[in-house]
Amino acid sequence: MSILKLKPAYKDYLWGGHRLVDEYQMDYDGEILAEAWTLSCHPDGPSVIQNGPNKGKTLYEYVQENGQEVLGTHCRRFRDFPILIKFIDARDDLSIQVHPNNGFALSKEGQYGKTEMWYVLDATEGAFIYYGFQKEISMEEFSERIRNNTLQEVLNAVEVHKGDAFLIESGTIHAIGKGCLIAEIQQNSNVTYRVYDYGRKGKDGKKRDLHIEKALAVTSRMPVIQKGEGYPHIADCDYFTVDKLNLDGNLTYRLQGNVSDASFMSILILNGEGTISNKQDKVSYKKGDSLFLPAGSGDWQIEGTCDALVTTIREKASPIRVGVDIGSAEVQIGAINNEQHIIAYEQYPLNRELTPEQIIDDLSNRVLQILKENDIPLDQCTGVGVGIPGTIDRKNGKVLYSNNIQWEDVPIVQQLGKVIPCPVRIANNADCAALGEAVAGAGKEYSDVAMFTLGGGVGGGIILNGKVFEGGIMGGSEIGHMVVRSGGRICTCGRKGCLEAYASVPALLQNAEKVCGEKISLDEIFERYRKKDEVISKVIEEYIDALGVGVVNIINIFRPQLILIGGMLSKYAEDFIKPLNDIAQKESFGGMHGMIPEIKVAELGKNAGMIGAANL
């Protein structure tokens, strides 16, 4: 992968100066250059690639064309590109302002909130920033001081010098004072609530808007507590990690590193010149340059003299994921931690009278509510997975068709994304159940697992190398619709002889009723089987034989390490696990000379699909 050199997007805000042109040779011919967005996928100002085969494309276009892999696995939890990096030249004071957190910003503005980091490149004598309050103040005092223009009296003014760094978390009131030249790394957001702007007027001659009510709602009125920024990183939070790179040209002329699959790397050159190279590319750099190294691009080397800021994305601390299992009659929602424990849970009936849009809206609000009620910040939730019965287009986030809940061509990911601020992924719920057992249940010691879900139909999933097997086209595996009796019973899908027509609960009940002349329950069927009832024994033997053909087929095709039996009939699986194992040993290709997987009962019950969905 190439090393990308980026051209900034430029902003001419009225408080800006001209130092970025004079000292950083920015290619800009206006009178005022307040900000240069050096690494940006934001629609308000994307940066543009200056070199290589992607020259002329925006960084956003490059990411869209090359996919999530160029950002890295640590970025999967973000719905959008995670950060924005800029230079800021404050010739005049910036407005006193505050940024909302993710939850508030997404609900009110439709984009992420903002936590940011400032690194002071230069500062005139006496230059300062406002950084929180001097002491805790009440909401009433805060509001009154905004109205009577005395807010500055209670703000914490901090004199700044070259090399200082500050982490400005969302909710912190702040302002950059005149005479500051700053490099800023922030969340990918352009949401700002002004509370005081010195009475200045914009280009239209009108006073610039203030956002007092919103600012009152999101501002922390406590003093900022410094958290030891500077060691081992200049700044470190769930959104970005920033380190300083220095080549003095004497003791240190060359540094090497590696860009893994976990995160991309951004290098912002603060001064100096030289080259940076990897196996694919060699690029020169100078003061003010912004370089992007895609995740997985491997070993790199930088030579010359420079000071630079290196930004990466680390793994989320204490992440929570939400798993949703939509069934034919009920919906389960669970908040799942890293240990695969369910720390919050809700179950409710699926109202089939509602439209898909209404069901999805209700689901969205319930997900947010379960997080709120259990004091789980939105920032802590790294993703939402949804298991749905039917044929699923995972790539485009759609339910193509679900006979169980009568959905057709429903863009569920898009609709959930309007409310839920996390990445949303979907899969067939049988695949989710298999994944749940593979990561947290009976299959957690195995990487290759096949699961049969025996209930109203016959579903299941295939897990290969720890991932859901989907094949080359959408829809995944349909274990229940392999033919086990050529020309046999009519299946719900219209074919004859499918496994579902022999191994589902309705199939078993109908066959028992047929031979017994009356309806009998599952409990009674298996109770009579244990008592060696001859009539029922023949029913169960036929059932085991058909299921055994299906199991052997899956073993011969996929060679899994483990076969699991789940669903409603797993309650009775101990009655037929041994004969199933015998069939597998006898009928699977290779027999006793091969590695024939053991057949076990699934452990997670109805929670399997929810836990699996959370791991999508």
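Just so we're on the same page, the working numbering is the position in the sequence shown counted from 1, plus 687. We put the CB at the ideal spot given by N, CA and C, even for glycine. Computed from a predicted model, the values in this text were never measured in an experiment.
- DSSP, reduced to helix, strand and coil, places Met1169 outside both helices and strands of the structure shown, so it counts as coil.
- Each residue's CA atom was taken as its position, placing Glu1033 and Asp1012 some 11 Å apart.
- Annotation for Leu932: the continuous beta strand (DSSP E) segment containing it runs 928-934.
- Per the coordinates, the alpha-carbon of Ile1270 lies some 24 Å from the alpha-carbon of Asp1210.
- If only complete runs of 3 or more residues are kept, the region 741-791 shows the beta strand (DSSP E) at 770-777, 783-785, in order along the chain.
- Secondary structure within the region 809-865: the alpha helix (DSSP H) runs of 4 or more consecutive residues, fully enclosed, are 826-834 (chain order).
- Here DSSP, grouped into helix, strand and coil, assigns Ala982 to coil.
- When only Cα atoms are considered, Tyr885 and Glu796 end up about 25 Å apart.
- For Met1255, no beta strand (DSSP E) encloses it, and the DSSP letter there is neither H nor E.
- Out of Cys924, Gly866, Glu828, Tyr1088, the CA that lies nearest to the CA of Phe853 is found in Cys924.
- Setting aside the 5 residues that flank it on each side, Tyr926 is surrounded in the same chain by Pro769, Ile770, Thr802, Gln874, each with a C-beta closer than 7 Å to its C-beta; the list follows chain order.
- Annotation: Ala1004 is outside any beta strand (DSSP E) and is labelled neither H nor E by DSSP.
- In this structure, Asp891 lies away from Arg881, with their beta-carbon atoms at least 9 Å apart.
- Separation of Gly1299 and Glu756 (C-alpha to C-alpha, rounded to the nearest whole angstrom) is 22 Å.
- Judged by DSSP secondary structure, Val911 falls outside any alpha helix (DSSP H); it is assigned neither H nor E.
- Distance from Leu996 to Leu955 at the Cβ level is roughly 5 Å; contact confirmed, criterion being Cβ atoms closer than 8 Å.
- Boundaries of the beta strand (DSSP E) around Asp1096: 1094-1097.
- Spatial neighbours of Phe1276 in its own chain (CB-CB distance under 7 Å, excluding positions within 5 residues in sequence) are listed in chain order as Asn1243.
- Taking one beta carbon from each stretch, the region 1248-1257 and the region 1115-1127 have 3 or more pairs nearer than 8 Å; the two touch.
- At a Cβ-Cβ threshold of 9 Å, Thr879 and His786 count as neighbours.
- Judged by their CB atoms, Met1169 and Asn1052 are not nearer to each other than the 9 Å cut-off.
- Runs of the beta strand (DSSP E) lying entirely within the region 1023-1052, each at least 3 residues long, are 1029-1036 in chain order.
- As the crow flies, the alpha-carbon of Pro1266 is around 34 Å from that of Leu1303.
- Per DSSP, reduced to three states, the secondary structure at Val1202 is helical.
- In this model, Glu1285 and Thr725 are separated by some 56 Å (Cα to Cα).
- Lys865 and Ser1005 have their C-alpha atoms spaced approximately 39 Å apart.
- A Cβ-Cβ distance of about 5 Å is found for the pair Ile1047 and Gln1102, placing them in contact under the 8 Å criterion.
- DSSP places Asp1262 in the helix class (H, G or I) of the three-state scheme.
- Under DSSP, Leu1141 shares a beta bridge with Val1145.
- Taking a contact to require three or more Cβ pairs closer than 8 Å, the region 1173-1184 and the region 1209-1229 do not qualify as touching.
- Take the alpha-carbon of Tyr940 and the one of Gly983: they are about 25 Å apart.
- Here the alpha carbon of Glu831 sits roughly 34 Å from the alpha carbon of Asp731.
- C-alpha of Ser1173 to C-alpha of Cys1185: approximately 8 Å in a straight line.
- Under the 10 Å beta carbon count, Pro919 is surrounded by fewer than 16 other beta carbons and is classified as exposed.
- Bounds of any beta strand (DSSP E) do not take in Ile690, whose DSSP letter is neither H nor E.
- By the 16-neighbour rule on beta-carbons within 10 angstroms, Arg1217 is exposed.
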